[in-house]
Structures are given as structure tokens and as C-alpha cells.
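Novice: Each residue of the sequence shown is one higher than the one before, starting from 209 at the first, in the working numbering.
Dumping the structure here so I can ask a few things about it.
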Amino acid sequence: MNLHGANDEQSLYFTAPKPDRAYVTAELASIIDFIRYGASRFSAAGLTFGHSHDNPIDEATHLVLASLHLPPDIPPAYGAGKLTAEERLRVLNLIERRITERLPVAYLVGETWFAGLKFKSDRRALVPRSPIAELIESGFTPWLDGRHVERALDLCTGSGCIGIAMAEYNPHWQVDIVDISDDALSLARENVAFQHVGDRVEIIKSDLFGGLQGHKYDLIVSNPPYVTEDEYAALPGEYSHEPKLGLTSGEDGLDICLRMLDEAADHLTEEGLLIVEVGESEHALNMLLPEVPFVWIEFKVGQMGVFALERRELVEHAAAIRAVAAARR
Numbered sequence: 209m210n211l212h213g214a215n216d217e218q219s220l221y222f223t224a225p226k227p228d229r230a231y232v233t234a235e236l237a238s239i240i241d242f243i244r245y246g247a248s249r250f251s252a253a254g255l256t257f258g259h260s261h262d263n264p265i266d267e268a269t270h271l272v273l274a275s276l277h278l279p280p281d282i283p284p285a286y287g288a289g290k291l292t293a294e295e296r297l298r299v300l301n302l303i304e305r306r307i308t309e310r311l312p313v314a315y316l317v318g319e320t321w322f323a324g325l326k327f328k329s330d331r332r333a334l335v336p337r338s339p340i341a342e343l344i345e346s347g348f349t350p351w352l353d354g355r356h357v358e359r360a361l362d363l364c365t366g367s368g369c370i371g372i373a374m375a376e377y378n379p380h381w382q383v384d385i386v387d388i389s390d391d392a393l394s395l396a397r398e399n400v401a402f403q404h405v406g407d408r409v410e411i412i413k414s415d416l417f418g419g420l421q422g423h424k425y426d427l428i429v430s431n432p433p434y435v436t437e438d439e440y441a442a443l444p445g446e447y448s449h450e451p452k453l454g455l456t457s458g459e460d461g462l463d464i465c466l467r468m469l470d471e472a473a474d475h476l477t478e479e480g481l482l483i484v485e486v487g488e489s490e491h492a493l494n495m496l497l498p499e500v501p502f503v504w505i506e507f508k509v510g511q512m513g514v515f516a517l518e519r520r521e522l523v524e525h526a527a528a529i530r531a532v533a534a535a536r537r
């Protein structure tokens, strides 16, 4: 889960006049017309953009193209293409719903993109979004350079996007995707079938490592819940449509992460690596465990609250980690 795209200034709800539908339908014709119109309406309404996009133009582009069953990378020339009357009404309806209901675009159109792959998306799990996509696309370099990986784990998988993308980009890996939520796992199961990776991806219901006795992995990746209770109370309306189970993790957002740190070494191979996203809870984690050598990964836009730890580092600092984790139980 990633909240870096949330814009506090834009999260205020403005009252924008609702345009006359018949007039608008007559005035707009092309794909680019509707993208421009949607972006203008979204800006005027003061929407928050934090679900895969961080601006109204990209948000409107996603909505319009997905509603027309077009990919996001169509050539610019297609922007002049005209919509049918039925398509115009459908797109206008979705634009108005995005404004009045504050629904994320991915839920409105039922799909989104992650690491260059299309995924089904609905209220059963968070909208896929994480800087970990950049790591997957880059082959986890330099973190996995020279390492042999056979088995990988996506813990707290939600829609399945991270684990499925790892399997797509690494055809020789066997990937387990794990979650405690039946709803999330049902959506993940659909995405596994949609991406045709069922021969390399196993879906497991488990409360973190509870159902993974005897399983060991060369790589464990997780984007767990890490929103604090105070942050959750202040989130814009768009986030209220997502399952709270996938967002919050105690007062400082670290309850689940600390359990993971305490148990991960038992499920990593000798040279295994753990990569976890904790977002803004990075600062609290550093304060709780100052002796643990977290490596905060740099992305194209800078640090995004994602750390890497070797198994041997988890073992070396197991006592300190266990003491902090035990205090939460």
C-alpha cells in the first residue's frame, strides 16, 4: 500500500456545478476530448489522486481508455478517434461517479496496471500500487545480482499483483502468494488465471507465516498494511472504499511488520533476502530498532519507505527484534 500520491491540498471536497449531460455529450467527440474534460472536472472537484496516479490527467486517461477497452499505450493518433453515443454516455457516467462517490478509477473500470501488467481490481483488495513494481521491472538489481532464486514469497499479497508480476518477469521462479483475507485471495486467484501463471504461482491462506511451516524462500517480498490509526482517520474519501484490513497496522503502523521481522528468518534460505514496504512508518521503525541495519532502497523518485535485510542480519539482531515484537502481543 502506498500513500505517497495522496495530496492533502486536493483532498478538500469542493462543490462543482454538475454540467448538463445533453449539452456536454453534444460538445465532446474524441478520446482526447473526454480525457481533457475528465481531467478538468477532476481538478475542479478537488479529488485526491493516490491510487496508481498522482494527477488528474493520468487519472482521466486511465478512466477513458479502460472504459473503451483500450490499452494505456495506444499511439497518440488514436486520440482523435470518435466515441459512439453509447460510449459517450458511459464515460460521462464514470466521470461523474468518480467525482460524486470518490471511487478510485480502478474500482470504477475494474482494472489497473502494475509493473506493466494489467490486473483485475475491485473492493476485495487494495488498488495495486507500490514502488516495488520498479524493483520487479529492474530484476531487483542490485539486490539479487549473483544470487540464485528458485522460490519467492509475496506476503500480504492482496490482489496478487506483486507475486504474479514476480512470476511473469522471472519464469523460472516458483512463487507463493499469501494473505489472510478470503476476499483478497479470491481476487488474487482471478488474477493468477488472468495472467496464466497458475503453474508457477501457489495461493495460500495464512496469517503471515502461520500456515507456511516448512516453507523456505530465497526471496520474501511484502507490502503489508502500515497505515497508523491517526493516518487512517485523516485519509481522503477515496481510501474508505478499500478494505481497512489491508491498510492499518496499529498505532504506529508497524504491528504486522514487526511480526514479520521476528519470524522471517525461519522461512528464508541461508542467503535469503527480505524486502518490505513500510511507507511513512520508516521513521518509527528506525527509532524502534536503531541497531538493525535496514537498507532503505532508492527509487527513481528517491526513498519510498522500502527496506532490504539479509537473513543473517535478521538472525544477528533476532533478540532485539523479538523484544520489540513481543511488546506488541
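Built from N, CA and C at the ideal position, the CB exists for glycine as well.
Locate the alpha helix (DSSP H) running through R530, then write down its first and last residues.
Specialist: Note, R530: alpha helix (DSSP H), A526 to A534.
Novice: Helix, strand or coil: which one does DSSP assign to Y315?
Specialist: It is helical.
Novice: Would a C-beta distance cut-off of 9 Å place Q403 and I372 closer than the cut-off?
Specialist: Result yes, Cβ atoms of Q403 and I372 sit closer than 9 Å.
Novice: Compare the beta carbon distance of G368 and I385 with 9 Å and say whether it is the shorter of the two.
Specialist: It is a contact, given that the beta carbons lie within the stated cut-off.
Novice: Touching or not, the segment 498 to 508 and the segment 449 to 467, by the rule of three or more beta carbon pairs under 8 Å?
Specialist: No, the segment 498 to 508 does not touch the segment 449 to 467.
Novice: Report the CB separation of L271 from L311 in whole angstroms; it is logged as a contact under 8 Å.
Specialist: Rounded, the Cβ-Cβ distance is 10 Å, inconsistent with contact.
Novice: Comparing C-alpha positions only, which one of S457, V429, L427 and D426 sits nearest to D438?
Specialist: The residue with the shortest Cα to Cα distance from D438 is S457.
Novice: Taking the alpha carbon of A253 as the reference point, which residue from R467, G354, E309 and G287 has its own alpha carbon closest?
Specialist: When only C-alpha atoms are compared, the closest one is E309.
Novice: Leaving out five residues before and five after A528 in sequence, what residues of the same chain have Cβ atoms less than 8 Å from its Cβ?
Specialist: Counting only Cβ-Cβ distances below 8 Å, and skipping sequence neighbours, we find L497, E499 and V500.
Novice: Considering Cα atoms alone, identify which of L278, P280 and R306 is closest to R249.
Specialist: The shortest Cα separation from R249 among L278, P280 and R306 belongs to R306.
Novice: On a CA-only basis, which of E295, E490, I239 and T320 is nearest P284? Give me that one, please.
Specialist: Out of E295, E490, I239 and T320, I239 has the C-alpha closest to the C-alpha of P284.
Novice: For my contact list, R332 and D387 are in at a C-beta cut-off of 8 Å; report their separation, rounded to the angstrom.
Specialist: Actually they are not in contact, since the Cβ atoms of R332 and D387 sit about 10 Å apart, beyond 8 Å.
Novice: Beta carbon of A360, beta carbon of I428: below 9 Å?
Specialist: Yes, these two residues count as a Cβ contact at 9 Å.
Novice: Would you mind giving the Cβ-Cβ distance between Y425 and G347, rounded to the nearest angstrom? I have them listed as a contact below 8 Å.
Specialist: Between G347 and Y425 the Cβ distance is about 17 Å, and since that is not below 8 Å, they are no contact.
Novice: Suppose the cutoff is 8 Å on Cβ atoms and the five residues either side in sequence are ignored; what does the same chain contact list for N399 look like?
Specialist: Here the set comprises F327, K328, S367, G368, C369 and I372.
Novice: Measure the C-alpha to C-alpha separation of A526 and D470 and round it to an integer number of angstroms.
Specialist: Computed Cα separation, rounded: 7 Å.
Novice: Kindly indicate which three-state DSSP category E410 falls into: helix, strand or coil?
Specialist: Strand.
Novice: Could you check what DSSP says for K328 in three-state terms: helix, strand or coil?
Specialist: Correct three-state label for K328: strand.
Novice: Using CA coordinates, which residue listed in H475, T349, L476 and V514 is at the minimum distance from L493?
Specialist: The shortest Cα separation from L493 among H475, T349, L476 and V514 belongs to V514.
Novice: Looking at the secondary structure, which residues open and close the beta strand (DSSP E) in which R359 lies?
Specialist: That run of the beta strand (DSSP E) goes R359 to L363.
Novice: Around the C-beta of M512, are 16 or more other C-beta atoms found within 10 angstroms, so that it is buried, or is it exposed?
Specialist: Answer is buried; the Cβ neighbour count reaches 16.
Novice: Report the three-state DSSP secondary structure of L476 (helix, strand or coil).
Specialist: In this structure, L476 counts as strand in the three-state DSSP scheme.
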